[in-house]
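From first to last, the protein sequence lines are chains H and X.
The first sequence stops at residue 132 when you use this note's numbering, and every number in between is there.
The second sequence stops at residue 94 when you use this note's numbering, and every number in between is there.
Backbone N, C-alpha and C define an ideal beta-carbon position, used for all residues, glycine too.
It should be emphasised that the depicted structure is a prediction, and the values quoted were computed from it without experimental measurement.
Everything on this sheet refers to the single structure shown next.
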Amino acid sequence: LAKTTQPISMDSYEGQEVNITCSHNNIATNDYITWYQQFPSQGPRFIIQGYKTKVTNEVASLFIPADRKSSTLSLPRVSLSDTAVYYCLAHGGNNRKLIWGLGTSLAVNP
Amino acid sequence: DGGITQSPKYLFRKEGQNVTLSCEQNLNHDAMYWYRQDPGQGLRLIYYSQIVNDFQKGDIAEGYSVSREKKESFPLTVTSAQKNPTAFYLCASSMKLTNTEAFFGQGTRLTVV
Chain H
23 LAKTTQPISM DSYEGQEVNI TCSHNNIATN DYITWYQQFP SQGPRFIIQG
73 YKTKVTNEVA SLFIPADRKS STLSLPRVSL SDTAVYYCLA HGGNNRKLIW
123 GLGTSLAVNP
Chain X
-18 DGGITQSPKY LFRKEGQNVT LSCEQNLNHD AMYWYRQDPG QGLRLIYYSQ
32 IVNDFQKGDI AEGYSVSREK KESFPLTVTS AQKNPTAFYL CASSMKLTNT
82 EAFFGQGTRL TVV
């Protein structure tokens, strides 16, 4: 099972780009990297998923280098409403085997 | 709107009582899950179901029970055997167990008084 490691917390300011890096040294060949966002007292929300190189959607970008031992979630021009916990998960096609860590608590300041 | 609904949002239970948490989805998903979230810990899987009339224990199933009589519904019962039931409970669903995108409900915060 692929365990992921990410910073416990990060601080940023409105309008800045935020990059959250996740390490997954023992990622398996068929694992995808998936990121979720969670606000206090709410369920997590899917943000983005990728396998390699770069994926972009309307919310974020995900960069995965060729060795796939790490990945970076990039949030462009954050606002106060982006203050949340962000979870990085390595997913091998079986939700039963997901390992949810503590996530990264992002605080966006005015 | 399609989604997954948990009720109630807050629940108080006396020690020794069983309590049932509701989870309903109208996304036509086959797989459903129950997680528990405690402060300072990640989500932990209690039970999951791949399809109607089938469910399996997750990592922390002791003191909990579930049923999956309808595709849309996956209620969780917290029994008196659960020694530390106060927690935030999250229900989720995905098209299949293998799909990487899961949809979560808003959660139920259970407090034992």
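Item                                                                                                                                                    : Value
Residues sharing a beta bridge with residue 59 of chain H, DSSP                                                                                         : H/67, H/108
Separation of residue 51 of chain H from residue 88 of chain H, as counted between CA atoms                                                             : 12 angstroms
Cβ-based contacts, 8 angstroms cut-off: residues of the region 113 to 129 of chain H near chain X                                                       : 113, 115, 116, 117, 118, 120, 121, 122, 123, 124, 125
Proximity of residue 56 of chain X and residue 1 of chain X at Cβ, strictly below 8 angstroms                                                           : yes
Environment of residue 120 of chain H [buried if 16+ CB atoms lie within 10 Å]                                                                          : buried
Euclidean distance between Cα positions of residue 61 of chain H and residue 62 of chain X                                                              : 31 angstroms
Chain X within 8 angstroms of residue 61 of chain H, Cβ atoms only                                                                                      : no
Residues that residue 97 of chain H bridges to, as DSSP identifies them                                                                                 : H/40
Inter-stretch contact at 8 angstroms, needing at least 3 Cβ pairs: the region 74 to 81 of chain H / the region -4 to 10 of chain X                      : no
Limits of the unbroken beta strand (DSSP E) element including residue 76 of chain H                                                                     : 75 to 78
Distance, residue 83 of chain H Cα to residue 90 of chain H Cα                                                                                          : 16 angstroms
Classification of residue -16 of chain X by the beta-carbon crowding that lies within 10 angstroms, buried from 16 upward                               : exposed
CB-CB length for residue 117 of chain H against residue 83 of chain X, believed under 8 angstroms                                                       : 6 angstroms
Contacts around residue 5 of chain X, its chain only, beta-carbon distance under 6 angstroms, and the 5 residues preceding and following it disregarded : -14, 53, 54
Neighbour-count burial assignment, residue 59 of chain X, 16 or more Cβ in a 10 Å radius                                                                : buried
Other residues of its chain near residue 40 of chain H: CB distance less than 6 angstroms, five sequence neighbours each side excluded                  : 34, 97, 100
Neighbouring residues, chain H, relative to residue 88 of chain X (Cβ below 9 angstroms)                                                                : 63, 64, 65
Chain X contact for residue 54 of chain H (CB, 8 angstroms cutoff)                                                                                      : yes
Beta-carbon spacing of residue 42 of chain H, residue 109 of chain H below 8 angstroms                                                                  : no
Per-residue contacts from residue 8 of chain H into chain X (C-beta, under 7 angstroms)                                                                 : The shown model of chain H, from 23 to 132, leaves out residue 8 of chain H, and the question about it has no answer.
Residues of its chain near residue 64 of chain X, where Cβ-Cβ distance is below 7 angstroms and the 5 sequence neighbours each way are ignored          : 44
Closest residue to residue 91 of chain X among X/78, X/76, X/68 (Cα-Cα distance)                                                                        : X/68
Nearest residue (CA-CA) to residue 93 of chain X, options X/33, X/-12, X/-2                                                                             : X/-2
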